[in-house]
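Numbering (the working numbering), first residue to last: 1351 to 1493.
Have a look at the structure below before the remarks.
Structure, rendered in structure tokens:
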């Protein structure tokens, strides 16, 4: 019975990982869109001015990086950038208020940081546009 469950889990792994990547990156991109464009309830706090450090740049990374990871294009570098931006946000914004994320309001920054680091390490899983494009591009014969 355990072998059967293990085989089922092995077959489902790429799809489940791909679905997790899609959900995490969609939520992340929504944060960026809310901050940059005032949609989906708008930004949390004051909206940053164009080019303002770090808020506007963080929102741009959230939107662009989230869309890239969502689509499954350049997933590993985009996910690493997203993870790093959330680590920066946690330590530069949240950590100064209290030690634990539950105390300092940094739960989402910590979760996004670790989720994107996981995606950067294990890859996009299934349902990634980058995987489909690589399969459809014919190999060029070399002489």
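No residue lacks a Cβ here, since even glycine has one placed at the ideal position from N, Cα and C.
Since the structure is predicted, the reported quantities are computational estimates derived from the model, not experimental observations.
(request) Please report the residue range of the alpha helix (DSSP H) in which residue 1405 lies. (result) For the purposes of this step, residue 1405 is taken as the residue at position 55 of the chain shown. Segment 1405-1421, the alpha helix (DSSP H) holding residue 1405.
(message) Please classify residue 1391 as buried or exposed, where buried requires at least 16 other C-beta atoms within 10 Å of its C-beta.
(response) Here the question's residue 1391 lines up with position 41 in the chain shown. Classification of residue 1391: exposed, given that the 10 Å Cβ count is below 16.
(request) Determine the extent of the alpha helix (DSSP H) in which residue 1451 is found, giving its start and end residues. (result) Numbered from its first residue, the chain shown carries residue 1451 at position 101. Counting along the chain, the unbroken alpha helix (DSSP H) around residue 1451 starts and ends at 1451-1454.
(request) Use the C-beta contact count for residue 1441: other C-beta atoms within 10 angstroms, 16 or more gives buried, fewer gives exposed. (result) Working through the chain shown from its first residue, we reach residue 1441 at position 91. Exposed, since its Cβ has fewer than 16 Cβ neighbours within 10 Å.
(request) Within the same chain, show all residues whose beta-carbon is closer than 7 Å to that of residue 1465, passing over the 5 residues directly before and after it, in chain order. (result) To locate residue 1465, count along the chain shown from 1; it is residue 115. Closer than 7 Å at Cβ, skipping near neighbours: 1374.
(request) Along the alpha helix (DSSP H) that carries residue 1435, what are the first and last residues, could you check? (result) Residue numbering aside, residue 1435 sits at position 85 when the chain shown is read from its first letter. Unbroken alpha helix (DSSP H) run through residue 1435: 1425-1439.
(request) Tell whether a beta-carbon distance below 7 Å holds between residue 1422 and residue 1468. (result) Taking the chain shown and counting its residues from 1, the one referred to as residue 1422 is at position 72. Taking the chain shown and counting its residues from 1, the one referred to as residue 1468 is at position 118. Against a cut-off of 7 Å, the Cβ pair of residue 1468 and residue 1422 comes out as no contact.
(message) Quick check: the Cα distance between residue 1415 and residue 1428, rounded to an integer number of angstroms?
(response) Walking along the chain shown from the start, residue 1415 turns up at place 65. Walking along the chain shown from the start, residue 1428 turns up at place 78. Each residue's Cα considered, the two are about 5 Å apart.
(request) Taking all protein chains shown into account, decide if residue 1361 is buried (16 or more other Cβ within 10 angstroms of its Cβ) or exposed. (result) What you label residue 1361 is simply residue 11 of the chain shown in a count that begins at 1. Label assigned to residue 1361: exposed.
(message) My output table needs one value for residue 1461: the three-state DSSP class, helix, strand or coil.
(response) Residue 1461 sits at position 111 when you count from the first residue of the chain shown. Looking at residue 1461 - three-state DSSP - the assignment turns out to be helix.
(request) Look at the Cβ atom of residue 1434, then the Cβ atom of residue 1444, and state whether they are nearer than 7 Å. (result) For the purposes of this step, residue 1434 is taken as the residue at position 84 of the chain shown. For the purposes of this step, residue 1444 is taken as the residue at position 94 of the chain shown. Result no, Cβ atoms of residue 1434 and residue 1444 do not sit closer than 7 Å.
(message) On a Cα-Cα basis, can you pick out the residue from 1358, 1454, 1425 and 1389 that is closest to residue 1481?
(response) Locating residue 1481 in the chain shown gives position 131, counting from the first residue. Considering only alpha carbons, the answer is 1425.
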